[in-house]
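Engineer: Dumping the structure here so I can ask a few things about it.
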Amino acid sequence: MATVVFDLGGVVVQWDPVPAVAAAVGLERAERFVHGGEFDFAAWNQAQDAGRSFADAEAAALATHPHLAEEITSYRPNFAHALTGLVPGTAEVLRALHERAVRLVALTNWSAETIHHGPEAFPDVFARFDDVVVSGAEGVAKPDPEIFRILARRLGHPVDGVVYVDDSPRNVDAGRAAGMDAVRFTGAAALLEELRRRALLE
(Lines of atoms letter the chains of each structure in order from A; the text may use other names.)
(Lines give C-alpha, C1' and ligand atoms only; values in the text may rest on other atoms or scores of the structure.)
Protein backbone atom coordinates (compact mmCIF):
# COMPACT_ATOMS: atom_id res chain seq x y z
CA MET A 0 0.00 0.00 0.00
CA ALA A 1 1.30 3.44 -0.94
CA THR A 2 1.56 6.04 1.84
CA VAL A 3 1.38 9.82 1.70
CA VAL A 4 2.28 11.88 4.78
CA PHE A 5 0.65 15.30 5.18
CA ASP A 6 1.48 18.27 7.35
CA LEU A 7 -1.73 19.76 8.79
CA GLY A 8 -1.45 23.51 9.40
CA GLY A 9 -1.23 25.40 6.13
CA VAL A 10 -1.77 22.23 4.09
CA VAL A 11 -5.00 20.69 5.38
CA VAL A 12 -6.33 23.20 7.90
CA GLN A 13 -5.96 26.96 8.07
CA TRP A 14 -4.42 28.14 11.35
CA ASP A 15 -4.22 31.74 12.51
CA PRO A 16 -3.58 32.52 16.20
CA VAL A 17 -4.84 36.10 15.92
CA PRO A 18 -8.58 35.26 16.11
CA ALA A 19 -7.98 33.12 19.19
CA VAL A 20 -6.26 35.94 21.05
CA ALA A 21 -8.69 38.52 19.66
CA ALA A 22 -11.60 36.65 21.20
CA ALA A 23 -10.42 38.01 24.55
CA VAL A 24 -8.57 41.26 23.84
CA GLY A 25 -9.78 42.49 20.44
CA LEU A 26 -8.22 42.41 17.01
CA GLU A 27 -5.80 45.33 17.35
CA ARG A 28 -4.17 44.00 20.52
CA ALA A 29 -4.13 40.46 19.14
CA GLU A 30 -2.37 41.54 15.94
CA ARG A 31 0.20 43.44 17.96
CA PHE A 32 0.78 40.48 20.28
CA VAL A 33 1.20 37.89 17.53
CA HIS A 34 2.95 39.99 14.88
CA GLY A 35 4.18 43.16 16.60
CA GLY A 36 7.65 41.97 17.52
CA GLU A 37 7.72 42.74 21.23
CA PHE A 38 6.66 39.19 22.07
CA ASP A 39 8.09 36.35 19.97
CA PHE A 40 4.87 34.42 19.54
CA ALA A 41 6.29 32.01 16.96
CA ALA A 42 9.14 30.85 19.20
CA TRP A 43 6.85 30.68 22.23
CA ASN A 44 4.35 28.55 20.34
CA GLN A 45 7.03 26.31 18.85
CA ALA A 46 8.04 25.24 22.34
CA GLN A 47 4.52 23.93 22.97
CA ASP A 48 4.69 22.14 19.61
CA ALA A 49 7.87 20.50 20.94
CA GLY A 50 6.19 19.30 24.11
CA ARG A 51 6.22 22.16 26.62
CA SER A 52 2.99 22.39 28.60
CA PHE A 53 0.83 25.48 28.26
CA ALA A 54 0.99 25.93 32.03
CA ASP A 55 4.78 26.22 31.85
CA ALA A 56 4.59 28.33 28.69
CA GLU A 57 2.18 30.81 30.20
CA ALA A 58 4.18 31.04 33.43
CA ALA A 59 7.40 31.76 31.52
CA ALA A 60 5.76 34.39 29.33
CA LEU A 61 4.02 36.07 32.26
CA ALA A 62 7.35 36.34 34.07
CA THR A 63 8.93 38.29 31.22
CA HIS A 64 5.87 40.10 29.82
CA PRO A 65 3.45 40.62 32.72
CA HIS A 66 1.80 43.55 30.93
CA LEU A 67 0.65 41.08 28.23
CA ALA A 68 -1.09 38.78 30.69
CA GLU A 69 -4.47 38.95 28.97
CA GLU A 70 -2.99 38.16 25.59
CA ILE A 71 -0.82 35.33 26.91
CA THR A 72 -3.61 33.59 28.79
CA SER A 73 -6.24 34.04 26.08
CA TYR A 74 -4.70 31.84 23.38
CA ARG A 75 -5.18 28.38 24.87
CA PRO A 76 -8.84 28.66 26.01
CA ASN A 77 -9.83 30.24 22.69
CA PHE A 78 -7.74 27.98 20.46
CA ALA A 79 -10.76 26.77 18.47
CA HIS A 80 -10.96 30.25 16.91
CA ALA A 81 -7.47 29.75 15.47
CA LEU A 82 -8.76 27.04 13.13
CA THR A 83 -10.30 29.30 10.53
CA GLY A 84 -11.26 26.68 7.93
CA LEU A 85 -9.90 24.10 5.55
CA VAL A 86 -7.19 24.86 3.02
CA PRO A 87 -9.03 25.04 -0.32
CA GLY A 88 -8.90 21.81 -2.28
CA THR A 89 -6.85 19.63 0.06
CA ALA A 90 -9.84 17.76 1.50
CA GLU A 91 -10.74 16.69 -2.04
CA VAL A 92 -7.18 15.47 -2.62
CA LEU A 93 -7.35 13.44 0.60
CA ARG A 94 -10.66 11.94 -0.44
CA ALA A 95 -9.30 10.99 -3.86
CA LEU A 96 -6.24 9.34 -2.33
CA HIS A 97 -8.38 7.53 0.22
CA GLU A 98 -10.62 6.19 -2.54
CA ARG A 99 -7.52 4.76 -4.23
CA ALA A 100 -6.59 2.96 -0.99
CA VAL A 101 -3.56 5.17 -0.34
CA ARG A 102 -2.59 5.15 3.32
CA LEU A 103 -2.81 8.68 4.73
CA VAL A 104 -0.79 9.77 7.76
CA ALA A 105 -0.43 13.24 9.27
CA LEU A 106 2.81 14.61 10.73
CA THR A 107 2.10 17.87 12.49
CA ASN A 108 3.76 20.45 14.69
CA TRP A 109 0.91 20.92 17.16
CA SER A 110 0.54 21.02 20.92
CA ALA A 111 -0.73 17.82 22.53
CA GLU A 112 -3.11 19.98 24.56
CA THR A 113 -4.88 21.54 21.57
CA ILE A 114 -4.74 18.85 18.87
CA HIS A 115 -8.21 17.63 19.84
CA HIS A 116 -9.67 20.78 18.29
CA GLY A 117 -8.69 19.54 14.81
CA PRO A 118 -10.89 16.43 14.65
CA GLU A 119 -13.61 18.23 16.59
CA ALA A 120 -13.76 20.99 13.96
CA PHE A 121 -13.20 18.80 10.88
CA PRO A 122 -14.17 15.22 11.76
CA ASP A 123 -14.66 13.99 8.19
CA VAL A 124 -11.22 15.19 7.11
CA PHE A 125 -9.35 13.84 10.13
CA ALA A 126 -11.13 10.50 9.71
CA ARG A 127 -9.18 10.02 6.46
CA PHE A 128 -5.91 9.65 8.38
CA ASP A 129 -4.74 6.24 9.45
CA ASP A 130 -2.52 7.90 12.08
CA VAL A 131 -1.66 11.42 13.27
CA VAL A 132 1.85 11.96 14.63
CA VAL A 133 1.68 15.01 16.92
CA SER A 134 4.96 16.70 17.78
CA GLY A 135 3.73 17.95 21.14
CA ALA A 136 2.88 14.42 22.21
CA GLU A 137 6.24 13.10 21.01
CA GLY A 138 8.28 15.89 22.63
CA VAL A 139 10.06 16.89 19.43
CA ALA A 140 9.00 19.09 16.52
CA LYS A 141 9.88 19.42 12.85
CA PRO A 142 12.45 20.03 11.46
CA ASP A 143 14.32 17.99 14.10
CA PRO A 144 15.47 14.73 12.43
CA GLU A 145 14.16 12.74 15.41
CA ILE A 146 10.54 13.38 14.41
CA PHE A 147 11.15 11.53 11.15
CA ARG A 148 12.60 8.57 13.03
CA ILE A 149 9.45 8.57 15.17
CA LEU A 150 7.39 8.72 11.99
CA ALA A 151 9.21 5.66 10.65
CA ARG A 152 8.40 3.70 13.81
CA ARG A 153 4.76 4.71 13.56
CA LEU A 154 4.64 3.74 9.88
CA GLY A 155 6.27 0.43 10.62
CA HIS A 156 8.84 0.85 7.85
CA PRO A 157 11.57 3.30 6.75
CA VAL A 158 10.49 6.68 5.39
CA ASP A 159 12.76 6.37 2.35
CA GLY A 160 10.80 7.41 -0.74
CA VAL A 161 7.55 8.05 1.13
CA VAL A 162 5.75 11.10 -0.26
CA TYR A 163 5.62 13.91 2.31
CA VAL A 164 3.68 17.16 1.80
CA ASP A 165 4.50 20.28 3.85
CA ASP A 166 4.23 24.02 3.27
CA SER A 167 7.36 24.91 5.27
CA PRO A 168 10.58 24.96 3.20
CA ARG A 169 12.71 23.99 6.19
CA ASN A 170 10.46 21.04 6.98
CA VAL A 171 10.51 19.96 3.34
CA ASP A 172 14.32 20.11 3.43
CA ALA A 173 14.33 18.08 6.65
CA GLY A 174 12.03 15.49 5.11
CA ARG A 175 14.31 15.16 2.11
CA ALA A 176 17.32 14.82 4.37
CA ALA A 177 15.50 11.96 6.09
CA GLY A 178 15.07 10.25 2.72
CA MET A 179 11.46 11.19 2.01
CA ASP A 180 10.05 12.26 -1.34
CA ALA A 181 9.16 15.68 0.06
CA VAL A 182 6.88 18.05 -1.83
CA ARG A 183 6.43 21.68 -0.86
CA PHE A 184 2.73 22.53 -0.74
CA THR A 185 1.81 25.70 -2.63
CA GLY A 186 -1.81 24.83 -3.36
CA ALA A 187 -4.08 21.88 -4.08
CA ALA A 188 -3.84 22.19 -7.88
CA ALA A 189 -0.05 21.96 -7.85
CA LEU A 190 -0.20 19.09 -5.37
CA LEU A 191 -2.55 17.18 -7.67
CA GLU A 192 0.02 17.44 -10.44
CA GLU A 193 2.78 16.18 -8.16
CA LEU A 194 0.66 13.21 -7.10
CA ARG A 195 -0.30 12.40 -10.69
CA ARG A 196 3.36 12.55 -11.68
CA ARG A 197 3.98 9.89 -9.03
CA ALA A 198 1.04 7.80 -10.30
CA LEU A 199 -0.78 8.13 -6.99
CA LEU A 200 -3.75 9.80 -8.69
CA GLU A 201 -4.99 9.78 -12.26
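Just so we're aligned, residue 0 is where the sequence shown starts under my numbering, counting upward by one.
No residue lacks a Cβ here, since even glycine has one placed at the ideal position from N, Cα and C.
1) Which residues does DSSP list as the beta-bridge partners of T107?
2) Could you check whether V182 and V86 sit closer than 9 Å to each other, using their CB atoms as the reference points?
3) Among D130, N44, G135, which residue has its Cα nearest to the Cα of T2?
4) Can you tell me where the alpha helix (DSSP H) with D172 in it begins and where it stops?
5) Could you tell me whether the Cβ atoms of R28 and E70 are closer together than 9 Å?
6) Measuring CA to CA, which of F128, A68, A95 is closest to I198?
7) Between the alpha carbons of A81 and R51, how many angstroms are there, rounded?
8) Short of 6 Å in beta carbon distance, which residues of its chain neighbour E112, apart from the five on each side in sequence? Order them along the chain.
9) How far does the beta strand (DSSP E) with D180 in it reach, from first residue to last?
10) Helix or strand or just coil, what does DSSP make of D48?
11) When DSSP labels each residue in this structure, what does G117 get in the three-state scheme?
12) How many Å lie between H97 and V104 at the Cα?
13) With distance defined between alpha-carbon atoms, name the residue in L200, G8, A58, R196 nearest to D220.
14) Terminal residues of the continuous beta strand (DSSP E) containing F5?
Structural biologist: So, from the listed chains and residues:
1) V133
2) no
3) D130
4) 168–176
5) yes
6) Inspection of the sequence shows that residue 198 is occupied by Ala rather than by Ile. Cα-wise, what sits closest to A198 is A95.
7) 19 Å
8) F53
9) 180–183
10) helix
11) helix
12) 11 Å
13) Within the shown structure, residues of the chain are numbered from 0 to 201, placing residue 220 beyond reach of any answer.
14) 2–5
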